[in-house]
Amino acid sequence: MSDAPPSDLKKIKSAANVANATFRNFVEIVFENRERSIQTYHVDGYSFFAVGMEAGRWGLEKRRNYNLVDAVSRHTIQVYPNSWAAVMTTLDNAGMWNLRSEMWEKTYLGQQMYFSVLSPARSLRDEYNLPDNQLLCGLVKGASMPPPHTI
Numbered sequence: 001m002s003d004a005p006p007s008d009l010k011k012i013k014s015a016a017n018v019a020n021a022t023f024r025n026f027v028e029i030v031f032e033n034r035e036r037s038i039q040t041y042h043v044d045g046y047s048f049f050a051v052g053m054e055a056g057r058w059g060l061e062k063r064r065n066y067n068l069v070d071a072v073s074r075h076t077i078q079v080y081p082n083s084w085a086a087v088m089t090t091l092d093n094a095g096m097w098n099l100r101s102e103m104w105e106k107t108y109l110g111q112q113m114y115f116s117v118l119s120p121a122r123s124l125r126d127e128y129n130l131p132d133n134q135l136l137c138g139l140v141k142g143a144s145m146p147p148p149h150t151i
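The UniProt record's numbering puts the first residue of the sequence shown at 1, with every later residue one more than the last.
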């Protein structure tokens, strides 16, 4: 493990930390911890299934070992030092949901992101999307933000 900065700083960019997600889409999230301490991650608004965790680095071949039969439903998962953990969930709860480290220092330094799950049906059981005619102010008004990546 090295504390050296990334070798190619030219690839680093500043962008919105929001991933657009498709309503009722099924997603897999893999957390990899290369540090010497346990990392804990939490997803607001969702329960997910912890389908796998092992020591070492994650690779596509690790999916063969996933527990897809009786995985445990949780909203927080621990990732042990030099290990990985994989979770799966269905994004069936419309809204803006935070995925973050449970360690305040790590969250503050950027170990967090948001899922924007827009509901195609404006139903009373779902959170409403931002209205098309919403008045914006401050830095948001007229801001030229790059589109967030889609999951």
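Heads up, the beta-carbon is just placed ideally off N, CA and C, and yes, glycines get one too. Remember, it's a predicted structure, so these values are computed and weren't measured experimentally.
Mind checking which residues open and close the alpha helix (DSSP H) that includes residue i?
| i | result |
| --- | --- |
| E105 | 104-108 |
Within a Cβ cutoff of 8 Å, which residues of the same chain sit near residue i, ignoring the five residues on either side of it in sequence?
| i | result |
| --- | --- |
| R24 | T90, L91, D92 |
Taking residue i as the reference, which of the options has the closest Cα?
| i | options | result |
| --- | --- | --- |
| G56 | A85, S116, Q78 | A85 |
| G95 | G59, E102, P120 | P120 |
| N98 | F115, E54, N133, V79 | F115 |
| M88 | F48, E32, R34, V43 | F48 |
| R74 | S101, V43, S83 | V43 |
Just to check, is the beta-carbon of residue i closer than 6 Å to a non-hydrogen atom of the ligand PLP?
| i | result |
| --- | --- |
| S73 | With respect to small molecules bound, the structure shown includes none, and the ligand PLP cannot be examined in it. |
Identify the continuous beta strand (DSSP E) that holds residue i and give its terminal residues.
| i | result |
| --- | --- |
| V72 | 72-74 |
| W97 | 95-101 |
| Y46 | Per DSSP, Y46 belongs to no beta strand (DSSP E) and is neither H nor E. |
| W84 | 83-90 |
| A19 | 18-22 |
| N133 | Per DSSP, N133 belongs to no beta strand (DSSP E) and is neither H nor E. |
| E28 | 26-33 |
| S116 | 112-118 |
Quick one: residues in its chain with C-beta nearer than 7 Å to the C-beta of residue i, no 5 flanking neighbours on either side, listed in chain order?
| i | result |
| --- | --- |
| S37 | P81 |
| L68 | V51 |
Assuming residue i contacts residue j (C-beta within less than 8 Å), just tell me the rounded distance between them.
| i | j | result |
| --- | --- | --- |
| G52 | Y66 | 5 Å |
| F31 | I77 | 7 Å |
Is DSSP giving residue i helix, strand or coil here?
| i | result |
| --- | --- |
| L60 | helix |
| P148 | Here P148 scores only 48 on pLDDT, less than 50, and its place in the model should not be relied on; the value that follows carries that caveat. Residue state, collapsed to three classes: coil. |
| N67 | coil |
| I77 | strand |
Step through the CB atoms of chain D and report whether any lies within less than 7 Å of the CB of residue i.
| i | result |
| --- | --- |
| D92 | Within the model displayed, chain D is absent; a lone protein chain is all it includes. |
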